Every structure is written in structure tokens, then in C-alpha cells.
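Enquirer:
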Amino acid sequence: MLQEADPQCSASGSTSTDRCDFSSEEEKILQFWDSIDAFNLSKELSKDRPLWTFYDGPPFATGLPHYGHILAGTIKDVVCRYAYQNGYKVPRRFGWDCHGLPVEHEIDKKLNITCKADIEKLGGIAIYNQACREIVTRYTSEWESTVRRTGRWIDFKNDYKTMYPSFMESVWWVFKSLWNKDLVYQGHKVLPYSTACTSPLSNFEANLNYKDIVDPTVIVSLPLVDRPETSLLVWTTTPWTLPSNLAVIANPDLLYVEVLDTETSKKFILADALLSSIYKDVSDTSESFKRISSFKGCELKGLSYQQPFPIFESRRASHGNFVVITDPFVTADAGTGLVHCAPAFGEDDHRVSLANKIISENEAVPSTIDEKGHFEAGFFEGTSIPGSYFKDADKEIIKLLKAKDRIVRQTQHKHSYPFCWRSDTPLMFKAVPSWFIRVTDHIPKLLENQAKTRWVPANVGEKKFTHWLAAAHDWAVSRNRYWGTPIPVWRSADGKETIVIGSIEELARLAGIRSDSITDLHRESIDHIEIPSQIDPNGRPPLRRVEEVFDCWFESGSVPYAAQHYPFSEVSNAGTPEQPPGTFASSFPADFIAEGIDQTRGWFYTLSVLSTLLLDRPPFRNVIVNGLILAADGKKMSKRLKNYPEPEVVMGKFGADALRLYLINSPVVCAEFLKFKEEGVRGILRDVLIPWTNTSRFFTEQASLISATFARPIVGQFVGNADEFVGQSSSLFSDDIMDRWILSLLQTLIEEVRQEMDAYHLYSVVPKLLTFLSSLSSWYLRLSRKRAKNDEDKEDQLKALGTLFHVLYSLTIIMAPFTPFVAESLFQELSGFISNEKEKKTSPPLLSVHFQPFPCVNTLLKDKLTEERFSLFQEAMDQARAIREQKNISLKIPLSSMIIVTNSHEQQSLLLPLVSYISVDLNVRDVRILVDTDVEHLGIKIAYKALPNFSLLGRRLKTELDALQKALREEVCDSHLRAYFLDKSKGLCVGNRWILSEDEVSISRSVLALPEQWEQQKNASANRQVITLLCTELSEDLLQEGAAREILSRIQQLRKKAGLKQSDTVSIYHDDLASGSIFVSQAAYFERSLKNTILIPKQTETNSLEHALVDEIMISDRLIKLTLSSQFE
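So the sequence shown is residues 1 to 1129, counted in UniProt numbering.
Here you go:
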């Protein structure tokens, strides 16, 4: 059983002799699960149930798990456990992302690989890929250990890895299916390109890592060939691209001007609207320049200019380069209105250059920069530019332009720039050959399928993801790398013959080899395989595979098919991809997935693209999107800065359940940021786990004392309509009002948790659990404690304990998805009180809390009237406690009188049965429940006041608002307001002119007059249902009884400190021997309240006694000593 209190988790932070070692108990639960093989047993028990599908997004195992992984894993575990509790078979397979740039980048750094030649020196692709293979599973054992420690149940032994041949073969099937639909093409496009990884990235990868940087901006003059005294002015933030300039682009419809610069006598051409880019004064009276002429951009077309650097001068004659071309994409927002065009490094530049035949589709676009981002040798000889990194060359290029007198203006420009998400190096946008999936043409279908998915939170799907899909580009899926699934395209050297392979069997058949000879699909295993020409096997050379491999995002997007080796795993493959046969049909789309907000441009996107193009269906029905976890200071968690506690440390101190519940109950489950604070995890212990376990411990202690046993509660069922669930008859339950309340409240909790979990609103569940636990431990247990301990009334005691048992048993099942360890621990404790020993010991479904069906609402126990009764009760009690606190009157001191003012006779009748509870718990001798119309004769006046919502009313009434306010003050009386307060359905009629709705006006009640010595709560809610009043006058009699209660409390503390049981009899000695002793005046109270404790007046010398326990208390200016010692008889 979990124990209570520890310096690190007690509510007060003070030390305690007890210990709250949740972490150690969780380790015991892990051992228990291992001993019964719990996860595999759960699969066996559910094998015949309907299937519920979940996809686990594959992480890389090249790094250790962090809080982001624990968060996503917790969300997945909670939802999967809940689905299992509701009668489904829930396969849970862990997946690993093994391929791609993250792995290769690490190997490149480790082996100092910088280019393809380095791989050849290493020994070829086989050696390189083996090095990659060795690190992808480096941390799998650490991952498994951490995931296990968090309480997550998932299958590691039956995992999927993207490097398994079965997975890779299904990826081939996906690609060929797209090829057969004419959704694949090869082309040159300007793509985000990582120089560190020497490979293009997809557009969504390029958006993963933006940083603010400062770049130089220059305005460069390009003299016209026919009029060298006149120059075109171009503006750029990438001086390093100027050596690759092939054209200048103007907007055909924009107004341009030619001006004479009065300072230099040079003539410049630029957009009229952008003269301010070089001149401060652009008015007609400016002395800085003179206008020569103005014209539309279309008139500039065809003008030939002198290129910045004569590197590709031969193209002037051969390709018609270095002329002005036009396109509407040029704007007058910034710069000069003339765009320097380097088609090797700009998407629009490339598009417009193709349209104007500056370059051709199949040629290599002229560039001075190699695949690693360095300037090639042979250019700029005699400078430091050859071999320099592209971003580092800006200064030297600007220096050369200044020497040519081509710099007209130079400034700096701060802007957001993309960096490689793995190497953290700046990306360039580079024209590269790539294989593409046609996406843009299918955006309407993507949006249609997206709308069929439930997103939590909804705005992520409705806005963020929808906007991303609406702007989708064709997807570049190839990478010029080595460690990945090879693209299954075999092509002839002349490009006239292409075969796309969709399976190992197809490759073997076309290549004329045995299929069982192909045991791996990585490059080193298949690149040597040739396919004879299908056109002329004897006259044409064989086809060889193209060099590229798939982007790892294409693999992760293929998870629904490849993880189960679809379609090859199907017993029958008679269906089509649109109507797949066998088990796949029942597992697609997934019922649920969950990942971080960054995956809106990653995994969510790739899953959606492939499922829409392949099957025209959404890939998942429900998705929870979590936000990012930051350090407590709001910064990114950093191992270098050590600005966060390691997960293992937090779980070691507080346990995994506390961490799980903290994460689930945070904004991060709503796709927002969470500033991780250890104190928040401690708070979960204080507010949830400790009160819960203490309540359960109270039950076990009391039930053990009387050897009580109970029938196993029937709280749920796996199949059937939950709304029709009855469970155990209400006749089996107590008719005590307090018991009926907590049982009804339990049904409300079940109903609300089901509603929120069915909607995947995990963030709404924990607050409801907190409210219920507060009601259970702070209200029900406090008010029923005496009944549960009262062995003089066995029947009532068993009712109280039976009710508590039923509630606690149900609660362990409700909480099991969220706190699997504590729920299991308490479930095992409670199972010890089940009367049917055979049922408890031998039935596998009853071995663990995680095998139990989630509770259903027992409508026979649902009692809305009782819940309403206790809502009033709690409000009245809270007000009374607040009054005591503001008057600094301890609860131990009794008060003479209390009045609870209700607003109706119905409320009065609800509260009257609870008067005895109110009197005892608040320590008030006389409690009266009165309707507000019946209290004026006592000197109590209740007033009603209208509180208009001026914001709403102002929009509706406009100029009539002042008249309304006057009418509210003068024409609406208290009785009118009171009637509206009791029934708002018809609105508040004001002056026979306006009807105000509940949103437009609310009513507050206040006490205008009170008898002397009576108090109400200060700053009480204006919308309170009842008004509580206390007489705070303290007589000597009341003070004496209060002192007796304080002495009783001290005696109980001494007994607890001595480790005594309730049944142990002991003597307490006191030295209050004077006349008028409180022990004499309150003798009847002590006799009634103390059990197994004998009070003896006697002067003692404590220091002469062994094992004496002493306490001292000040009563009426007298210091009284209480002594408990094992020496006394």
C-alpha cells in the first residue's frame, strides 16, 4: 500500500515520520505486472474483441527520450488504456524511424564524411550503411526502460522499424501505386537544400527551424549594353547569388522611371514607387535627382545589360541571357522593382527563366557553388572566394562590386531565415533534380478528408493544418543519399525506358533471379541488380536503378501500410487499394494518433497526403496535438544550460503517476506551451495522489479492524449500450443521505469522464477528478468518519464502509488510464476485501485494474436532487468557514447560532435534512434554515440588485441605454428582481419597454442589515445561492468547550505519536488540579469523546520517567501539562 507524507511531497513541506515513497511503490507494481505478464495477458483477454487502431509515430533512437516524448507517450497510453477499458482490442506496437538525414548526418560527423568520394575511400556504401545501421538502435534499451518506467504499455518485441525489409517493400508498393496513378514525376525544381547533408529537403522540413539573422542588402547597378551611362538598379539580400545572375525581372504593369543622379551624373532605372530606396527626398522639387522619363515595365523587356561578373558571358549569345524579362510576381513593396534573377537559387527566378527560355528544362542550371555550399575553384581566382562557404562570401563579393563602382546603396537587413533542422546550418534554395509526388492538384481532396477528422484542439485542424494543406506544393520525396529505402525506379541510360518496382517478387521476376536471394532492400543489396530491357533485351543495355533514396518522411507517411507489410501480409489480395481486403480494411483509418504541434507540417501532413492519394480517405479519425514543453524560465530545455530536471530524477522523487497527471492537466495538451515546474508535479501529489491514497488507507484500516468483506462491485461492462447499464441494484446500497450523495456524485463523474474522453478532451478530465476527490476526502470522509468508525452501530458502519469501498473501487478503474501505478496499488489493496476468495484469486480478468471495464453510469444511483442539495450545503459551509477565518475563531470553539438564508422554500426543504451535519461539522449549537422572505423580523434585510452587462446592452440599445439605467434604478423593485432571480426564463422586464436576457443582466443579493454580533462572509460571490450568517459572540461556556476540544486534539496527537491503536487503552496525566479545572467543568464532554483513554489528575516529574510523551497547552492563562507514559498503570 502506498504510504503517506514525505518532506518532498507533504502539503506543508514539513518533515514527517511517515513516508510517501510513490516511486518505490511504482517499482513494485512494475514487478507485479512482470509476474503476471500483464500486457500480454491483456492482449490475450481481448483477442476476440472489435479492433481499435492506433498508430505510434516512430521516433529516432539516435537520442534519448525527453519530456516531449514522455508527454506524447502519456497521451497515447491514456487513450489506449481507455479504449481497452471500453471493450476493444487495442494493438500497441512501438515504431522506430531508422533512415534519413538525422542518422547520416551523425555518421558524417563521426567519420568525417564530406562528399561522395569520402564514402568510396571508406569502402563504399555497404560500409557506410553498416555504420548507420549500428547507431540506429543505440538507445533502444534506454527508450524501453524509460517508456516502461512511465507506466506505458506498448509492444517493443513486435515493433516495426523503417529499415525492416518488410516495411521497405510496402514503401515500394506505395510508390508504385502512386506511379500507376500518374502521381509521380521527375523534374528540376528549386528546393530547400541542406549543404551539410548535401540533399534537398521538403518544404515542411524547411519550415522546422527558422532563425532571425542579419544579412547585407545591396543595390547594384547593371549598365545597359547599348547605353553604358544608364544602369538598371537591382536589390538583393543574397550578394552570393550575383555571380550566378542570368537575367533581370521587371513587373510588366509597374511604372518605372529613368532619373539623372545629380551627384554622380549617372542615370538609373528603377520603379517610380521605390525612388525612396536611394533618395531621401523624392518630391518634384528634390535636388538629388531629375526625372528623365517614365514608362511601364513591359517597355524594358529585352534590354541587354552588363552582368555583375562575366562568368557565364558565353550564354549571352547561346541562350539570350543577361536581358530584362517580365513577370507579375515583382512588387513595389521593397527594393527597386527590378529583381536580380539567379535561376539556380530562387523558385520564382527558376520559373520565370524557364518561361522566358533563359534556361531549359533538362539542362544543369549555371551555378558557381558546389553541393557542399562552397564556391567552386576556377572562379574568382586571386581572391579568397574559391572554397569559401556561400554565406561567408558576401563581404568579398561586395568588396569586388565596390571596386567596379557597382554598389549604389548598402545596408543591413534583419529577417527570418530557414536553417537545416538537423545540422543547424543555413539552407539555400537550389535547383536540383528530384522525384516529386503531385500534391497541388489534389488540395481540394486533402481539405475534404481533413474535415472528416476530429482535431483536439479543434483550431489546429481548422486553421493551422488547413492553411498548410491549402498552400501545399508538390512533394519532393527523393534524397541524394545512401541510408534509406531506395527509390524503386530502374531506368535505361538514355532515359527512354523506365520500370517502377512494387515488390521483391516483381524485381526478382524481371531481373531473372530467385526472390529468396533478395534478403535486404538497402542500396548495397540491390543497386547491382539489373533488369533486361523490356523493349529489346538483346539490342538494348539493361536498366539500372536510379541513385536516390526516399525521404524518411515518405516512409513515416507509409506507416499505416508498411507497419503491417500491406498488401503482402493479406491472406487474399483480391481487392484493390481503394477497397482493400482482409484485416487492413478494419484497421484503416486509425481511430487515434497523437503527436506534437510541429507534426502539422510533418507526420500529420505525410500521412494525409499518401492516404488521400492512395485511398481518398483520411488516415486517422481522431488526433490529439500537444504543444511544446519549455524550461521553467520559458526557454528551450537545454542539457548545456541544465535548466530543467531530468525525467528520471522527477520520477524518482515523485513517481511517474504524478508526472503523467501533471502533464495531462496542463496547457500543453491543448497545443500550447508548458513551462515545466517541479513544483507542479509536487502539487499533483499534494492535491490528488496523497488525499486519494489517504482516503483508501482510512478504509483499509477501518475495514481491517472489523474484518469486513464486500461483494465485488459491478461497475461496468465491455459490450452493450452503457446508457442501459444498471449494475448492482440500488437496494444493495445504503439509504443514508451522505452515502446517496457520494454515490450519485460518482455517477456524475463517470458520465462526465466518459463524455470528455469520448471527445478526446483529456485536459477536461483532471479538473473533474480533482473536484470529485475533494468531495470524497474533504467532505464525504470528514462527515462520515464517525459512522465508519462507530462499531456500536454495526449496520450503519457497514453501510458507510460499503459505500466507501464501492466508490474507491470504481475510482481506481476510472483513474487507471491516468495513474496506472496508484490505481493498480489501491485496486490490489481493495481486492483483499472482496468476499469471494475464488473470484479474487483465480480469474485472470480480475488480476489487474487494467483488465476491468470502464464504469458505466448506474442510473438507479443517479440523484440530481441530492447533488443539488449538497451543492447548497457545501456553499453554506464554505461561507461559514470563511466567516470563522475572517473573525479568527477556531473551529474547536463552538458558536451559538447560525442562519442559512435560502431564496425559496424548495431550497429550504433540501437543506433541512442536513442540519445535524452542519451543526456538528461547523460546531454550531443552533442551525436554522430560513427563506429570505422570512428573516426581516430578525433584523436581517436582504436586498437585490440588478447588474447590467453594459457592453452587450450598449450594442443593442445604443442611445436608449441611459433611459434603461434610470428605469432599473427607479421602476424595478426588490420583489421584481427576486422573481427574475428565481426564474430567468422569461427575462427581466424593465419599464414595459425592454426585456433583458440572462446574458444582459444578472442579479446579486446582499445583506443590508444584521443584528449585532452577527457576521456574513466578506467579498462573497454575488451569485451565491444561499447566504450564511453566524453569531460570533463568544460566551465563557463556549470558550470552555473550545478549550476542551483543543485538549482532546492534543491527547489524540499524543496517542498517535506513541503509535497506539484505537483499541489500546492508556492513561493521560494532567496537572490542572486547581478549582474550576476545565477537566471538571467539561467532564461530560471528555467522557463522551474519549475512548480507551483514562484522564488522571496528578503532578508528574517528566524527567524521571522513561518513554514519556509530554505536551503543554495554555488554557485561560494557565499552562497545563499532559503526560503519557508506558510506566503508568
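Backbone N, C-alpha and C fix where the C-beta goes; we use that ideal spot for every residue, glycine too. These numbers come from a predicted model, not from an experiment.
Using beta-carbon positions only, say whether Pro-366 and Ala-344 come within less than 8 Å of one another.
Expert: Yes, Cβ-Cβ distance for Pro-366 and Ala-344 is below 8 Å.
Enquirer: According to DSSP, simplified to helix, strand and coil, what is Gly-123?
Expert: coil
Enquirer: Do the stretch 344 to 356 and the stretch 186 to 200 make contact, defined as three or more Cβ pairs closer than 8 Å?
Expert: yes
Enquirer: Who are Glu-258's beta bridge partners in DSSP?
Expert: Ile-269, Ser-293
Enquirer: Assuming Ala-632 contacts Lys-675 (C-beta within less than 8 Å), just tell me the rounded distance between them.
Expert: Right, the Cβ-Cβ distance comes to about 5 Å (below 8 Å), so this counts as a contact.
Enquirer: Considering Cα atoms alone, identify which of Leu-338, Ser-525, Trp-33 is closest to Pro-488.
Expert: Ser-525
Enquirer: How many angstroms separate the CA atom of Thr-140 from the CA atom of Val-352?
Expert: 49 Å
Enquirer: Here's the rule: buried if 16 or more other CB atoms are within 10 angstroms of the residue's CB, otherwise exposed. What is Leu-1122?
Expert: buried
Enquirer: In the DSSP output, what is Ser-896 paired with across the bridge?
Expert: Its beta-bridge partners do not exist; DSSP assigns none.
Enquirer: From the DSSP output, which residues share a beta bridge with Cys-1031?
Expert: Trp-1014
Enquirer: CA-CA distance, Arg-956 and Ser-1002?
Expert: 17 Å
Enquirer: Taking the alpha-carbon positions, what's the Ser-843 to Leu-811 distance?
Expert: 21 Å
Enquirer: Run through the stretch 920 to 993 for me and flag every whole alpha helix (DSSP H) of 4 or more residues, listed as ranges in chain order.
Expert: 950 to 957, 961 to 970, 974 to 982
Enquirer: Thinking C-alpha only, which one of Leu-1054, Lys-1091, Ile-1047, Ser-775 is nearest Leu-1119?
Expert: Measuring from the Cα of Leu-1119, the nearest candidate turns out to be Ile-1047.
Enquirer: Go ahead and pull the three-state DSSP assignment for Pro-426.
Expert: In the three-state scheme derived from DSSP, where H, G and I count as helix and E and B as strand, Pro-426 is classed as strand.
Enquirer: So Pro-486 and Val-549 are supposed to be a Cβ contact under 8 Å. How far apart are they, rounded?
Expert: 5 Å
Enquirer: To which residues of the same chain is Ala-967 closer than 8 Å at the C-beta, ignoring the five residues directly before and after it?
Expert: Val-990, Gly-991, Arg-993, Trp-994
Enquirer: Specify the secondary structure class of Ile-1094 as computed by DSSP and reduced to three states.
Expert: DSSP places Ile-1094 in strand when its eight states are reduced to three.
Enquirer: CA-CA distance, Ile-1115 and Ile-1068?
Expert: 17 Å
Enquirer: For Lys-1018, is the classification buried or exposed, using 16 other Cβ atoms within 10 angstroms of its Cβ as the cut-off for buried?
Expert: Counting the other CB atoms within 10 Å of its CB gives Lys-1018 a total below 16, which places it among the exposed residues.
Enquirer: Name the residue from Ala-196, Ser-244, Leu-274, Thr-198 whose alpha carbon lies nearest to the alpha carbon of Leu-233.
Expert: Cα-wise, what sits closest to Leu-233 is Leu-274.
Enquirer: Would you please state the rounded distance, in angstroms, between the beta carbons of Ile-499 and Ile-531? I believe it to be under 8 Å.
Expert: 6 Å
Enquirer: How would you call Ile-292, buried or exposed, if buried means at least 16 neighbouring beta carbons within 10 angstroms?
Expert: exposed
Enquirer: Roughly how far, in whole angstroms, is the beta-carbon of Arg-81 from the beta-carbon of Ala-816, given that I think they are within contact range, below 8 Å?
Expert: 6 Å
Enquirer: Using a Cβ-Cβ cutoff of less than 8 Å, which residues in the same chain neighbour Asp-974 once the five nearest sequence positions on both sides are dropped?
Expert: Ala-943, Tyr-944
Enquirer: With DSSP as the reference, label Arg-545 as helix, strand or coil.
Expert: strand
Enquirer: Starting from Trp-235 and walking both ways along the beta strand (DSSP E), at which residues does that stretch end?
Expert: 230 to 236
Enquirer: With 16 as the cutoff for other CB atoms within 10 Å, does Phe-429 come out buried or exposed?
Expert: buried
Enquirer: Give the straight-line distance between the Cα atoms of Gly-575 and Leu-122, rounded to the nearest whole angstrom.
Expert: Its pLDDT being 40, under 50, Gly-575 is placed unreliably by the model, and nothing is read from it.
Enquirer: Rounded C-beta distance between Thr-709 and Phe-833? I'm assuming under 8 Å.
Expert: 5 Å
Enquirer: If you count every other CB in all the chains shown that lies within 10 Å of the CB of Ser-12, and 16 or more means buried, which is it?
Expert: For Ser-12, the predicted structure reports a pLDDT of 28, less than 50, and the residue's modelled location is therefore unreliable. A value from the coordinates is still provided. Under this definition Ser-12 is an exposed residue.
Enquirer: Distance, Cα to Cα, Cys-420 vs Ile-597?
Expert: 19 Å
Enquirer: How would you label Gly-378, buried or exposed, when you count the other beta carbons within 10 angstroms and need 16 or more for buried?
Expert: exposed
Enquirer: Taking residue 1131 as the reference, give the member of His-99, Thr-114, Lys-109, Thr-150 with the closest Cα.
Expert: This structure cannot settle anything about residue 1131, because the visible part of the chain is limited to 1 through 1129.
Enquirer: Cutting at 6 Å between CB atoms, please list the residues of its own chain near Gly-954, excluding the five before and the five after it.
Expert: Leu-961.
Enquirer: Name, in chain order, the residues that DSSP records as bridge partners for Ser-221.
Expert: Leu-233
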